[in-house]
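Q: Shown below is the structure under consideration.
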Amino acid sequence: MSRRALTLLVAGFLALALAVIGAMLPVPYVVLSPGPTENTIGDVKGKPVITISGHESYPTQGRLSLVTVAYQGGPDNRLDLLTALRGWLDPTVAVVPEETLFPKSTSAQQVEEQNTQEMTDSQQSATAAALNALKIPIEKVVTVAETDKGAPADGKLKPGDEITAVDGTTVGELESVAASVQGRKPGEQVTFTVRRAGTSTQVQVGTVAGNDGKAKVGVQMRSGYRFPFTVGISVGEVGGPSAGLMFSLGIYDKLTPGALTGGMSVAGTGTIDPAGQVGPIGGIEQKMVGARRAGATVFLTPADNCADAVKAAPAGLRLVRVETLDGAIKAIDALRDHNKGEAPACPAG
Numbered sequence: 001m002s003r004r005a006l007t008l009l010v011a012g013f014l015a016l017a018l019a020v021i022g023a024m025l026p027v028p029y030v031v032l033s034p035g036p037t038e039n040t041i042g043d044v045k046g047k048p049v050i051t052i053s054g055h056e057s058y059p060t061q062g063r064l065s066l067v068t069v070a071y072q073g074g075p076d077n078r079l080d081l082l083t084a085l086r087g088w089l090d091p092t093v094a095v096v097p098e099e100t101l102f103p104k105s106t107s108a109q110q111v112e113e114q115n116t117q118e119m120t121d122s123q124q125s126a127t128a129a130a131l132n133a134l135k136i137p138i139e140k141v142v143t144v145a146e147t148d149k150g151a152p153a154d155g156k157l158k159p160g161d162e163i164t165a166v167d168g169t170t171v172g173e174l175e176s177v178a179a180s181v182q183g184r185k186p187g188e189q190v191t192f193t194v195r196r197a198g199t200s201t202q203v204q205v206g207t208v209a210g211n212d213g214k215a216k217v218g219v220q221m222r223s224g225y226r227f228p229f230t231v232g233i234s235v236g237e238v239g240g241p242s243a244g245l246m247f248s249l250g251i252y253d254k255l256t257p258g259a260l261t262g263g264m265s266v267a268g269t270g271t272i273d274p275a276g277q278v279g280p281i282g283g284i285e286q287k288m289v290g291a292r293r294a295g296a297t298v299f300l301t302p303a304d305n306c307a308d309a310v311k312a313a314p315a316g317l318r319l320v321r322v323e324t325l326d327g328a329i330k331a332i333d334a335l336r337d338h339n340k341g342e343a344p345a346c347p348a349g
């Protein structure tokens with residue numbers, strides 16, 4: 001072999017080796033792809049997604065499916081360049097910077113914990129929205145999220161405690177709890193009445209001065225609701241708030257006679273608040289692909305996601321614009337019974 005040929009062979013081998021090594025290098029991107037769908041009025045692994053006890057519920061049929069986005073990558077399991085390149089070539093997935101899902105100031109564990117809490121909050125908001133739509137009375141409550149380490153409340157008030165009164169005065173809003181505590185002088189005791197594991201008990205907590213000079217006990221609180229009966233939701237390892245709309249529709253369907261969908265396969269997405277307002281979500285393109293693959297023919301689309309959705313909707317999937325739970329129910333009614341008007345579509349542009 002001539003020296004020229006040998007040089008070319010070695011150079012080619014080195015170029016190939018560098019390409020292989022380069023392809024295996026980790027890159028700070030995440031691949032988003034269509035995730036599984038779950039029928040909120042059906043079962044997951046033989047267990048109903050939504051269970052209702054203490055109130056009459058009704059059999060139903062069809063599908064009201066929540067949709068998800070699966071991701072690959074992250075700070076603890078970074079993608080290699082070759083996987084990222086394959087993702088860029090696949091129209092059904094998206095490759096986004098890692099910090100889109102994992103902000104630099106947040107650990108992967110913290111992101112996971114946040115997603116879990118958002119799922120829990122969305123289930124409570126969905127239940128409140130469905131019961132409000134049915135004019136079933138519910139009560140506002142204040143619960144303990146966590147206490148500040150070393151603060152007077154640390155070890156006395158516990159996560160999950162429901163604060164029902166402060167110094168004997170009934171409270172139901174975050175602001176009323178805060179005002180009652182701040183009405184004390186720093187160093188004074190505050191008596192909290194809390195519901196803990198179904199039992200009411202009184203807890204005395206000292207106060208200290210906050211940065212503003214007002215009394216505080218060092219507790220983080222969140223608003224919640226007490227429902228007149230039990231609504232359980234179980235979907236396995238799904239996080240985030242975007243299934244709220246579909247949870248509320250599933251609860252509504254189970255609490256009303258007949259099948260809301262009339263047997264149709266309806267999928268959708270969107271956050272929801274207790275008043276029934278539907279909010280936008282991320283990953284709409286991947287969620288629509290997942291919905292269509294699961295057989296959905298109708299996709300409930302938050303109004304603020306419509307512009308992106310119409311550009312990427314799979315063939316055979318009808319996009320229905322929704323802004324409220326009531327609007328979503330009326331749209332499904334219209335699709336099921338053609339004499340009830342026309343379901344609003346996402347605008348074409």
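The sequence shown begins at 1 in UniProt numbering and counts up by one. By construction, the Cβ of each residue, glycine as well, lies at the ideal position given by its N, Cα and C atoms.
1. Under the rule that 16 or more other beta-carbon atoms within 10 Å means buried, what is S65, buried or exposed?
2. Between which two residues does the beta strand (DSSP E) harbouring G73 extend?
3. At 4 residues or longer, and completely inside the stretch 232-308: list those alpha helix (DSSP H) runs for me, N to C.
4. Could you check how far apart the C-beta atoms of V69 and G239 are, in whole angstroms? I think they sit under 8 angstroms.
5. How many angstroms separate the CA atom of G62 from the CA atom of L300?
6. Determine the direct distance from the alpha carbon of T147 to that of T191, and round the result to whole angstroms.
7. According to the Cβ coordinates, are V142 and V96 closer than 8 angstroms?
8. Under 8 angstroms, do A128 and G74 count as touching if we go by C-beta distance?
9. So, with DSSP's three-state summary, where would you put G35?
10. Given a threshold of 16 other Cβ atoms within 10 Å of its Cβ, counted over all protein chains shown, does T199 qualify as buried or as exposed?
11. Could you tell me the boundaries of the alpha helix (DSSP H) in which L317 lies?
12. Looking at the unbroken beta strand (DSSP E) that takes in T51, where does it start and where does it end?
13. G206 bridges to which residues according to DSSP?
14. Got a sec? Which residues, its chain only, sit under 7 angstroms from R336 by beta carbon, not counting five neighbours each side?
15. Taking Cβ to Cβ, would you say P34 is nearer than 8 angstroms to G290?
16. Is the beta carbon of P228 closer than 8 angstroms to that of I163?
17. Name the DSSP beta bridge partners of K140, please?
18. Identify the continuous beta strand (DSSP E) that holds T106 and give its terminal residues.
19. Spatial neighbours of R321 within its chain, please: C-beta separation below 7 angstroms, excluding the five flanking residues on both sides.
20. Excluding the 5 residues preceding and the 5 following A23 in the sequence, name in chain order all residues of the same chain whose CB lies nearer than 7 angstroms to its CB.
21. Does V30 pass the burial test, meaning 16 or more other C-beta atoms within 10 Å, or should it be called exposed?
A: With the given structure in hand:
1. S65 comes out buried.
2. R63 to G73
3. Complete alpha helix (DSSP H) runs here, min 4: 244-254 and 284-293.
4. With a Cβ gap of about 11 angstroms, V69 and G239 do not count as contacting.
5. Roughly 15 angstroms between the two C-alpha positions.
6. 16 angstroms
7. no
8. no
9. strand
10. exposed
11. For L317, there is no enclosing alpha helix (DSSP H), as DSSP marks it with neither H nor E.
12. From DSSP, the beta strand (DSSP E) with T51 extends over I50 to S53.
13. Q189
14. T261, G262 and M264
15. For P34 and G290, yes; Cβs fall inside 8 angstroms.
16. no
17. Y225
18. Taken as a continuous stretch (DSSP letters only), T106 belongs to no beta strand (DSSP E), as it is neither H nor E.
19. T301, A303, C306, P344, A345 and C346
20. With a pLDDT of only 47 at A23, under 50, the local geometry of the prediction cannot be trusted, and the value read off the model is given with reservation. Once the five neighbours on either side are set aside, the close Cβ partners of A23 are D80, L81 and L82.
21. buried
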